[in-house]
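These notes are about the structure you will find just below.
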Amino acid sequence: MPVASNIKIASKYFRTNDGVRLHYLEAGAGKPLVLIHGLSQTAEQFTFQIEGLADRYQVIALDLRGHGESEKPNFGLKIHRLAQDLREALIAANADDVTLLGHSMGCSVIWAYWELFGADRLGKIVLTDEPPMLTSNPAWTPEEVEAAGSILTPASLWETANARSGPDGEAAARVFIEHCVSRNCPEDVKEWIIQCTLRMAGKDAATLFVNHGCQDWRDIIPRITLPTLVIGGRVSLIPWKSLAWIAKQIAGAKLEIFEENEGGSHFMFVENPTKFNQIVSKFVA
């Protein structure tokens with residue numbers, strides 16, 4: 001799926017403090033823009049951002065451990081370990097005053113980073129289509145569920161994880177991606193997303209999914225003090241009202257919601273990279 005381009009993209013590696021070899025893509029020069037993918041996704045899926053923004057910025061897309069071209073250990077598949085990996089990636093790339101852009105679970109990695117390291121090495125934050133809490137508490141009111149953006153119950157969390165790690169894991173992944181793209185998403189684009197997803201072992205995806213699904217970030221989000229852009233999709237499986245809630249919690253945060261006819265689903269940065277890149281570039285500048 002990646003398109004031919006005259007942008008020179010370097011493929012680089014570094015080793016974490018617990019011995020895991022991680023991969024990242026790097027292109028361009030200038031203010032650093034670091035891209036963090038979602039669960040069971042890859043750095044490659046930011047191809048359109050690398051191609052479209054590397055003429056203005058130093059664009060770095062990280063393959064988290066267990067994903068893409070990074071090593072796939074049987075340990076460390078936890079959000080806060082991924083945040084530690086992110087910090088070590090910034091150090092390895094000598095990146096400072098960074099705009100961090102997270103998609104889906106990548107936002108949770110940013111929130112964990114903020115909890116652990118605050119604004120260290122950061123300048124701005126872009127949060128793309130992730131709710132504050134994926135799994136609802138059965139005792140919550142409908143209003144609390146709406147604000148949290150929860151799309152899972154405790155039962156469905158485990159059902160989803162078990163399906164991904166089971167013998168029909170590929171079928172489960174395909175069904176999930178079907179819910180992540182708009183009705184107008186081209187079949188070849190959807191298949192590319194699916195193939196990237198399947199590069200993570202089902203058992204590893206399930207392990208990380210359970211840890212990810214049990215994190216509640218509602219106490220961390222209001223503590224963010226950096227300029228922040230929040231992006232969502234009107235017809236995404238992630239309720240857009242939870243993105244509006246996030247934007248209200250962070251002083252001065254900007255909110256952008258992609259409409260359905262703009263590719264406004266979970267992968268809007270793939271379905272409508274032109275608008276996505278324009279919004280991000282204006283924010284980073």
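Numbering-wise (UniProt numbering), the sequence shown opens with residue 1 and increments by one.
All C-beta atoms, glycine included, are put in the ideal place defined by N, C-alpha and C.
Starting from residue i, trace the alpha helix (DSSP H) both ways and give me its first and last residue.
i           : result
His212      : Gly202 to Gly213
Thr160      : Pro154 to Ser165
Thr99       : Note, Thr99: premise wrong, no alpha helix (DSSP H); beta strand (DSSP E) at Val98 to His103.
Thr141      : Note, Thr141: premise wrong, no alpha helix (DSSP H); not H, not E.
Thr197      : Glu187 to Thr197
residue 288 : Since the displayed the chain opens at 1 and closes at 285, residue 288 lies outside it and no answer follows.
How is residue i classed by DSSP in three states: helix, strand or coil?
i      : result
His179 : coil
Pro32  : strand
Glu256 : strand
Leu237 : coil
Thr228 : strand
Gly264 : coil
Asp219 : coil
Assuming the contact rule is C-beta atoms closer than 8 Å, residue i and residue j should be a hit. Round their C-beta distance to whole Å, please.
i      : j      : result
Glu144 : Ser108 : Not confirmed; about 19 Å, so no contact.
Tyr24  : Leu62  : 5 Å
Ile36  : Gln215 : Actually they do not touch by this definition, with Cβ atoms about 15 Å apart.
Ser242 : Pro132 : 6 Å
Val98  : Leu229 : About 14 Å separates the two Cβ atoms, so there is no contact after all.
Taking 8 Å as the limit between beta carbons, can you name the residues of its chain near residue i, skipping five residues before and five after?
i           : result
residue 346 : The requested residue 346 is not part of the displayed model; the chain covers only 1 to 285.
Might you give, ordered along the chain, the residues of its own chain that have their beta carbon closer than 7 Å to the beta carbon of residue i, omitting 5 neighbours on each side?
i      : result
Asp85  : Thr16, Leu22, Leu64 and Arg65
Val235 : Ser182, Glu260, Gly264 and Ser265
Gly252 : Pro227
Residues in the same chain with beta-carbon distance under 6 Å from residue i, minus the five sequence neighbours each way, listed in chain order, please.
i      : result
His179 : Leu237
Glu256 : Ile231 and Ile279
Gly28  : Ala54, Tyr57, Gln58 and Val59
Phe48  : Pro273
Arg174 : Ile194
Between which two residues does the beta strand (DSSP E) harbouring residue i extend?
i      : result
Leu122 : Leu122 to Thr128
Hey, does residue i have any beta-carbon neighbour from chain D nearer than 9 Å?
i      : result
Met268 : Absent from the structure is chain D; it holds one protein chain and no more.
### Query
Where in the segment 7-80 do unbroken runs of the beta strand (DSSP E), each at least 3 residues long, occur, reported from the N-terminal end onward?
10-15, 21-27, 32-36 and 58-63
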